[in-house]
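14 is the number that the UniProt record's numbering gives to position 14 of the sequence shown; each next residue is one higher, with no gaps.
Just so you know, even glycine gets a beta-carbon here, dropped at the ideal spot from N, CA and C.
As the structure is a prediction and not an experimental result, all values here were calculated from the model.
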Amino acid sequence: MSRLSQCASITLPARNPHGLHTIDAEDEMIDHGNTADVGQGQNITEAARSTASSDGGWQAWTYVLGGFLVFFNIWGFTFAFGAFQSYYALHLHPSHSASSISWIGTIQSFLLIIVGVISGPLFDLGYYKTMILAGSFLTIFGIMMLSLSIEYYQILLSQGICVGLGCGLLYVPSLALVSGSFTTKRAIAVGVATCGIAVGGIVYTTTFSQLIARVGFPWTVRIMGFIASGVFLLSFPCLLWKSPASNQRPPRAARQLIDFSAFRDPLFDAFAAIMFFTFLGYIVPYFYIPAFAEQALHTSPSLALTALVVSQVTSLFGRAIAASVAHHVGGMVPWFVCTAVSVLFCFCWTAMDSVGSFFVFCALYGLFSAALVALPASVLPLVCPNPEMLGTRMGMSWACSAVAFLIGTPIGAALTSADDRLSSPAAFRGVQLWSGAVLVVATALLVLLWFAVMKDKNRVFV
1 MSRLSQCASI TLPARNPHGL HTIDAEDEMI DHGNTADVGQ GQNITEAARS TASSDGGWQA
61 WTYVLGGFLV FFNIWGFTFA FGAFQSYYAL HLHPSHSASS ISWIGTIQSF LLIIVGVISG
121 PLFDLGYYKT MILAGSFLTI FGIMMLSLSI EYYQILLSQG ICVGLGCGLL YVPSLALVSG
181 SFTTKRAIAV GVATCGIAVG GIVYTTTFSQ LIARVGFPWT VRIMGFIASG VFLLSFPCLL
241 WKSPASNQRP PRAARQLIDF SAFRDPLFDA FAAIMFFTFL GYIVPYFYIP AFAEQALHTS
301 PSLALTALVV SQVTSLFGRA IAASVAHHVG GMVPWFVCTA VSVLFCFCWT AMDSVGSFFV
361 FCALYGLFSA ALVALPASVL PLVCPNPEML GTRMGMSWAC SAVAFLIGTP IGAALTSADD
421 RLSSPAAFRG VQLWSGAVLV VATALLVLLW FAVMKDKNRV FV
């Protein structure tokens with residue numbers, strides 16, 4: 001596959017005043033065992049030299065703790081939206097369709113990712129402290145305004161837009177500060193930090209479940225805001241200082257935000273399409289687990305939210321297992337297997353008509369679907385022809401995911417809300433088949449990509 005050199009002229013001057021070993025081509029080669037020619041021996045020498053000086057240490061691990069705490073808030077609160085979805089549909093705004101309510105959560109998820117992608121250059125320019133402080137303020141402000149919200153538009157502005165913008169500003173610093181402090185141990189460090197996603201989801205969902213009937217919606221949300229405030233305050237000492245001078249590197253080349261030549265690369269096109277179709281269906285069950293349990297299976301609201309917690313707990317183990325398997329056999333095989341199994345469970349969901357079988361579905365879907373988020377980053381270096389453009393193409397692929405996040409759940413919700421008989425499992429057939437169908441497309445594209453990469457690398461496990 002030929003290397004493509006013409007890229008977009010959208011650039012920003014790059015400097016690294018906080019002295020981090022930022023994510024670039026040579027780092028990813030160390031992480032993923034990529035032995036492709038970088039093209040310049042100087043880059044390899046620089047990576048090796050940086051490995052010795054920037055691969056952990058007490059300060060780097062404080063970044064991991066800080067990243068864990070930030071992910072606890074930004075992704076944990078996002079993945080708890082299933083609890084809000086069910087409450088809005090049944091109690092606060094029963095006159096609104098499931099599709100219109102789901103826009104609140106999908107806009108929040110969309111802004112989290114897309115703002116994170118386009119704000120990456122701000123991190124390169126040294127504004128990471130401003131991003132952390134501003135993002136934390138917007139997130140807490142949005143949650144507190146949500147506690148005062150009654151009308152639909154108020155909830156959309158506070159939870160969907162304000163919280164989404166705040167989380168988006170925090171996404172890149174929390175990840176890049178961790179990644180930039182490690183080389184050979186980066187996968188472990190990032191894995192530990194991202195465990196905050198599942199832990200945060202468990203805590204916020206459980207908090208909502210235990211308090212909503214006791215203190216009502218306003219104070220439940222305020223208490224969640226107090227938890228988020230405390231977690232952010234704990235993260236600040238871990239994140240808001242400079243890296244040691246020993247970690248400083250020479251100025252990087254100007255960073256490119258978009259690589260238009262990527263769209264002429266069939267392997268990258270396939271990868272981006274896989275990301276799009278994966279996130280079109282992957283998140284849908286998490287948004288509808290509580291609603292299905294409470295409305296179709298007639299469980300109590302508390303038990304319905306427990307089902308969501310079960311899926312979040314098993315996803316914590318799923319991330320760890322997927323990362324371990326990928327370390328030994330490469331990312332492509334476990335990514336394909338977990339996607340295919342997730343498809344199977346989505347279709348099996350249509351047959352769930354008892355509480356016991358539904359809880360089994362929640363546990364297994366959480367276990368296998370966790371890999372759909374954890375593994376793509378380890379595969380991208382295999383399909384990127386120019387290692388220097390790895391970061392740019394990762395941002396582009398995540399932008400595709402953001403669009404899928406935005407539209408996937410509302411489409412599934414529209415298929416569900418078309419049936420007014422929401423008191424039976426059959427009423428959710430549309431959302432179940434939708435999530436399974438789009439993941440089938442992702443699985444088929446994964447097979448094509450796997451064979452193409454196998455042919456290119458001349459090995460099965462890639």
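Alpha helix (DSSP H) segment containing residue i, residue limits
| i | result |
| --- | --- |
| P285 | V284 to A291 |
| N73 | W58 to F79 |
| R319 | P301 to V329 |
| T278 | P266 to G281 |
| L148 | Per DSSP, L148 belongs to no alpha helix (DSSP H) and is neither H nor E. |
| P121 | G120 to D124 |
| D456 | R429 to K457 |
| M332 | M332 to C348 |
| S154 | Here residue 154 is Gln; the residue named in the question, Ser, does not match the sequence. Unbroken alpha helix (DSSP H) run through Q154: Y152 to I155. |
| F361 | V355 to S369 |
| A262 | Per DSSP, A262 belongs to no alpha helix (DSSP H) and is neither H nor E. |
| S378 | P376 to V383 |
| Y171 | V163 to S179 |
Proximity of residue i and residue j at Cβ, strictly below 8 Å
| i | j | result |
| --- | --- | --- |
| A413 | V431 | yes |
| F336 | W450 | yes |
| S378 | F271 | no |
| G191 | A320 | yes |
| L214 | M144 | Position check: residue 214 holds Arg in this sequence, whereas Leu was assumed. Going by C-beta atoms, R214 is not nearer than 8 Å to M144. |
| I283 | T409 | yes |
| L367 | F287 | no |
| V115 | L165 | yes |
| F358 | C348 | no |
| F405 | F279 | yes |
| I104 | Q59 | no |
| V117 | G395 | yes |
| L364 | C238 | no |
| G225 | S147 | yes |
| F110 | P173 | no |
| F276 | S102 | no |
| L375 | G331 | yes |
| V383 | T299 | no |
| V231 | L69 | yes |
| A304 | S97 | no |
| T130 | V163 | no |
| L175 | G67 | yes |
| F208 | T220 | yes |
| I227 | F71 | no |
| L169 | I274 | no |
| L415 | W434 | yes |
| L234 | I132 | no |
Proximity winner among the options, relative to residue i (alpha-carbon distances)
| i | options | result |
| --- | --- | --- |
| T194 | V215, Q210, L211 and Y171 | Y171 |
| E294 | T339, S424, L390 and W349 | S424 |
| T314 | G168, A370, A98 and S235 | A370 |
| N73 | D124, G57 and G142 | G142 |
| C167 | G126, L364 and F137 | F137 |
| A444 | R393, V355, T339 and M389 | T339 |
| P381 | L372, A374, R393 and V373 | R393 |
| residue 469 | L448, V438 and T220 | The question about residue 469 has no answer here: the residues shown for the chain are numbered 1 through 462. |
| L112 | S100, I161, Q210 and F428 | I161 |
| G200 | V309, W219, M454 and S342 | V309 |
| I188 | L125, G135, T306 and Y63 | Y63 |
| I107 | Y128, I407, G281 and K455 | I407 |
| A426 | A296, Q210 and G67 | A296 |
| W61 | M454, K185 and Q312 | K185 |
| A323 | T350, S311, V373 and D456 | V373 |
| V453 | V333, S229 and W434 | V333 |
| A442 | S181, S342, Q312 and I411 | S342 |
| T350 | R429, S302 and K455 | R429 |
| S229 | G135, G180, T306 and D265 | G135 |
| D456 | Q210, P266 and H328 | P266 |
| S302 | L211, I411 and G120 | L211 |
Count the C-beta pairs between the segment 83–102 and the segment 291–309 that are closer than 8 Å, then say yes if the count reaches three, no if not. Judged by pairs of C-beta atoms under 8 Å, the segment 83–102 touches the segment 291–309, as three or more such pairs exist.
Inter-stretch contact (C-beta, 8 Å, three-pair minimum) for the segment 255–266 and the segment 141–155: Because the criterion of three Cβ pairs below 8 Å is not met, the segment 255–266 and the segment 141–155 do not touch.
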